[in-house]
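Undergrad: After the structure tokens below, expect a handful of questions from me.
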Amino acid sequence: VGAEATWKISSDDEMEEFFRNKPEVPYIMEEFIKGEVTTFDGVCDSESRVLFAASHVTAESIMDMVNEGRPCFYYVNKQIPEEVRSAGCRTLKAFNVKSRFFHLEFFRLTEDKEGVGKRGDIVGLEVNMRPAGGFTPDMLNFSQSADCFRIWADMIAFDENRHPYEDNGMYCIYCGRRDGVDYDHSMEDIGSRYGSHNRMLTRMPDALAGAMGNQVCIATFDTIDEVEEYVQYAFAPVECRPIARW
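Residue numbers are given in this note's numbering: position 206 of the sequence shown equals residue 498, and the series is strictly consecutive.
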């Protein structure tokens, strides 16, 4: 899942340690990029035209979530930033993506990187010809008041979307809390405090829990400040990285 068996190497000593303990599988080594992950998710037709799309943002490093047990949280944007939509549509054309779900990942650089781009630029990370994992498809639906699975079925049967939606939704936040952490607030507290904003309060299957946490909290809000407050409440007293405003 995500960053399983992935490490950041910052020194010669860490490099030597990696090769002493490297699993007996092929590895790819890449330059480290500082950025937050943002996505372009959706369904396209037989001409690569987008029938449904949304975008989510992961502020914390997925590698740190897996390796260090950092809080797992990410959110679906109310609207897709135009620079993300542009990069996503160009990527679909470049990879000749047709008649399928797609899950495209990009970095938004958090600092200038020589030879790569300036702070705030969108840089390609990876392409996946499938829906995003976990409960993310449900989050896309909650955010956009849509049903991406019906839209996918429309695409298969009719090569069009017969379930239109308004591309101007709500923020949808995911918080994955870990068993064994003494949080200030219980799941019941979260349910009581946020009421109908909560869309799911449940458990994550064990296969995904290492990266995404055991206790699932999903909620929708109108503003990013409300999202930030929900994250801080759900994970307190653990300190979470602030959500960037671009």
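Using N, Cα and C, we set each Cβ at its ideal position, and we do this for glycine too.
Given a threshold of 16 other Cβ atoms within 10 Å of its Cβ, counted over all protein chains shown, does residue 315 qualify as buried or as exposed?
TA: By the 10 Å Cβ count, residue 315 comes out exposed.
Undergrad: Expressed to the nearest angstrom, what Euclidean distance is found between the alpha-carbon atoms of residue 478 and residue 318?
TA: Residue 318 has its alpha-carbon roughly 42 angstroms from the corresponding atom of residue 478.
Undergrad: Suppose you measure from the CA of residue 536 to the CA of residue 324; what does that come to, to the nearest Å?
TA: 20 angstroms
Undergrad: For residue 434, is the classification buried or exposed, using 16 other Cβ atoms within 10 angstroms of its Cβ as the cut-off for buried?
TA: buried
Undergrad: Just to confirm the assignment, what range does the beta strand (DSSP E) spanning residue 627 have?
TA: Shown here, the chain extends from 293 to 538; a query on residue 627 therefore has no answer.
Undergrad: Is it true that the CB of residue 416 sits closer than 8 angstroms to the CB of residue 387?
TA: no
Undergrad: For residue 313, which three-state DSSP category applies?
TA: helix
Undergrad: For residue 330 versus residue 349, is the C-beta distance shorter than 8 angstroms?
TA: yes
Undergrad: If we define contact as Cβ-Cβ less than 8 angstroms, is residue 413 a contact residue for chain C?
TA: This model lacks chain C altogether, as it is built from one protein chain only.
Undergrad: Does DSSP put residue 371 in a helix, a strand or coil?
TA: coil
Undergrad: Please state the DSSP three-state secondary structure of residue 496.
TA: coil
Undergrad: Using the three-state DSSP reduction, which class does residue 481 fall into: helix, strand or coil?
TA: helix
Undergrad: Restricting to runs no shorter than 3 residues, where is the beta strand (DSSP E) found entirely within the segment 329-384?
TA: 342-346, 348-350 and 364-368
Undergrad: Return the bridge partner residues of residue 512 from the DSSP annotation.
TA: 464
Undergrad: Which whole-angstrom value describes the C-beta separation of residue 405 and residue 355, a residue pair presumed to lie in contact below a C-beta threshold of 8 angstroms?
TA: Incorrect: roughly 17 angstroms between the Cβ atoms, too far for contact.
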